[in-house]
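One structure is given below, encoded as structure tokens.
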Amino acid sequence: MNGEALYPQPCRVARSTRVFAALIAALMSTSAAATEGGATNKALGVDTVLAGVIGPPGSLRITNFLAYYHAGETLDGSGNPRPGISNFDLNVSAGTSRFQYVWPDAKLFGADIETRVGATWYTDADVSFDLGTAGGVIHRNSSSSGWFPAALVGPVILGWHGETVHQMTGIEVYFPTRGFVVGQPVNVTTGFTSVAPHYWITWFPKPEVEIDGSFAYLFNQTNHKTNYQSGQEFSMDYAAGYSLTPTWQAGASGYAYRQTTDDKINGNAVPGGNRGRAFAIGPYIRYHEEYWGVTFKWQNEAWVENRAKGNRYFLQFAFLLK
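In structure tokens:
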């Protein structure tokens, strides 16, 4: 399947700015998770459809996401329920938009050039749990919401088309646009910036079969309000889909996540490192016309360590302006 054949169906792209400004910020020292309270600047499991296909020169692709995440437990470094924490309940919902412009008559190393900007335009999060202490059980709950808590910029993204393989690469920068509230059990912003080299690929082994991969490595900066630096992170989003008809596709998508270095506070590694990991998989279905499309995804998390464990739901709407 060549690149030109993809252009009439740009709506099949499943791209988004990060869906969650943060899943959890610091619950408290006794329940801290991987990275600072489990927060990460890249939404996991979003780059899963036509991930490696850049739009046609001169086009503007706009992708909007509505997302919901629910977790009913938080796990320790052995993958077991975190000691002292019970009745854990976390809910996060968010809306995001991403704008991707491909420059006309511009090439670099034989690739088309894209510039992208995105924003999480609204996020709402709440968490509740019971904490066992020497004096008894303490119930904690917290909520946080806000407009435009985070954004991203990808100034130069390169994209190459092949007969069956399409690839993109570049660097994305994620940064908070709202203040981090110290001591608040949940925040809608991480409070730190991340720089992430990124590689996306889409492969069509047969015209009706699509396989996608998205690989990112995050270098996290320090949250200067807490002097906490989250460890470096590797994530892979993936999908495999089959076109049932010219307009309907179904398949499976998800992500694999692994924190590769220890968290640090005041420049020193935290006890145990707080390195997180997770894997998720679930079904998706997509409907698309020539210049727009809708995708619904559900992803269930497993093999989780030092993070909350739950389910992610995405409703995506994308369209192309030429």
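Residue numbers (the numbering used here): 1312 to 1633. A virtual CB, placed ideally from N, CA and C, is assigned to each residue, including glycine. No experiment lies behind these values; they were computed from the predicted model shown.
Would DSSP call residue i helix, strand or coil?
i: G1593; result: strand
i: N1278; result: The question about residue 1278 has no answer here: the residues shown for the chain are numbered 1312 through 1633.
i: D1400; result: strand
i: F1420; result: coil
i: E1384; result: strand
i: L1371; result: strand
i: V1428; result: strand
i: N1622; result: strand
i: P1518; result: coil
i: V1448; result: strand
i: D1523; result: strand
i: L1294; result: The shown model of the chain, from 1312 to 1633, leaves out residue 1294, and the question about it has no answer.
i: L1442; result: strand
i: S1541; result: coil
i: V1357; result: coil
i: I1512; result: strand
i: V1330; result: Per-residue confidence for V1330 stands at a pLDDT of 32, beneath the threshold of 50, marking its modelled position as unreliable; the derived number appears in the next sentence. V1330 falls in the coil class under three-state DSSP.
i: V1364; result: coil
i: T1351; result: coil
i: Q1627; result: strand
i: Q1532; result: coil
Using the beta-carbon count (16 or more within 10 Å), is residue i buried or exposed?
i: N1498; result: buried
i: S1340; result: Caution applies to S1340, whose pLDDT of 30 falls short of 50 and renders its modelled position unreliable; the model cannot decide the point.
i: L1359; result: Reading the sequence as shown, one finds Thr at residue 1359 and not Leu. Under this definition T1359 is a buried residue.
i: S1389; result: exposed
i: K1608; result: buried
i: V1523; result: A quick correction: the sequence has Asp, not Val, at residue 1523. Classification of D1523: buried, given that the 10 Å Cβ count is 16 or more.
i: T1558; result: exposed
i: L1334; result: Reliability of the predicted coordinates at L1334 is poor, the pLDDT of 36 falling under 50, and the value obtained from them is presented with this limitation in mind. L1334 is buried by the Cβ-count criterion.
i: W1511; result: buried
i: G1369; result: exposed
i: I1449; result: exposed
i: K1353; result: buried
i: T1500; result: buried
i: D1423; result: buried
i: L1419; result: exposed
i: G1552; result: buried
i: S1342; result: Interpretation of S1342 is limited by its pLDDT of 34, a score under 50 that renders its predicted location unreliable; the figure taken from the coordinates is listed afterwards. Classification for S1342: buried.
i: T1556; result: exposed
i: T1444; result: exposed
i: N1531; result: buried
i: A1561; result: exposed
i: P1466; result: exposed
i: V1413; result: buried
i: H1535; result: exposed
i: A1648; result: An answer regarding residue 1648 cannot be provided, because it is not within the stretch 1312 to 1633 covered by the chain.
i: P1582; result: exposed
i: E1493; result: In the sequence as displayed, the identity of residue 1493 is Val instead of Glu. Counting Cβ neighbours within 10 Å, V1493 comes out exposed, since fewer than 16 surround it.
i: G1447; result: exposed
i: Q1610; result: buried
i: G1421; result: exposed
i: T1571; result: exposed
i: P1294; result: Any question about residue 1294 goes unanswered here, given that the chain covers just 1312 to 1633.
i: R1496; result: Checking the sequence, you will find Pro at residue 1496 rather than Arg. Buried.
Just checking my contact of residue i with residue j at CB under 8 Å: how many whole Å lie between their CB atoms?
i: N1452; j: V1438; result: 7 Å
i: F1486; j: T1475; result: About 36 Å separates the two Cβ atoms, so there is no contact after all.
i: T1374; j: A1563; result: The pair is not a contact, with the Cβ atoms about 20 Å apart (cut-off 8 Å).
i: Y1433; j: R1623; result: Going by Cβ atoms, the distance from Y1433 to R1623 rounds to 17 Å, so no, they are not a contact pair.
i: Q1478; j: G1363; result: 5 Å
i: F1376; j: G1406; result: 7 Å
i: Y1566; j: Y1549; result: 7 Å
i: A1436; j: S1455; result: 5 Å
i: L1632; j: L1371; result: 4 Å
i: R1588; j: W1614; result: 7 Å
i: R1470; j: I1365; result: The sequence shown places Gly at residue 1470, not Arg. That belief holds up - the Cβ atoms of G1470 and I1365 are roughly 3 Å apart, short of 8 Å.
i: S1546; j: Y1568; result: 5 Å
i: T1351; j: E1616; result: Wrong, their Cβ atoms sit about 14 Å apart, outside the cutoff.
Any heavy atom of the ligand FMN inside 8 Å of the beta-carbon of residue i?
i: K1633; result: The ligand FMN is not part of the structure shown, which contains no ligands of any sort.
Using a C-beta cutoff of 9 Å, does residue i count as contacting chain D?
i: E1425; result: Checking the listed chains, one finds no chain D in this structure; it contains a single protein chain.
Start-end ranges of the beta strand (DSSP E) lying completely within the stretch 1452 to 1505, minimum 3 residues: 1476 to 1487
Any 3 or more C-beta pairs closer than 8 Å across the stretch 1503 to 1519 and the stretch 1401 to 1408: no
Within the stretch 1545 to 1616, ranges of the beta strand (DSSP E) (whole runs, at least 3 residues): As far as the stretch 1545 to 1616 is concerned, its whole beta strand (DSSP E) runs of at least 3 residues are 1559 to 1570, 1588 to 1599 and 1603 to 1616.
contact_flag[the stretch 1372 to 1384, the stretch 1588 to 1605] where n(CB pairs < 8 Å) is 3 or more: no
The stretch 1594 to 1604 in contact with the stretch 1568 to 1586 per 3-pair CB rule at 8 Å: no
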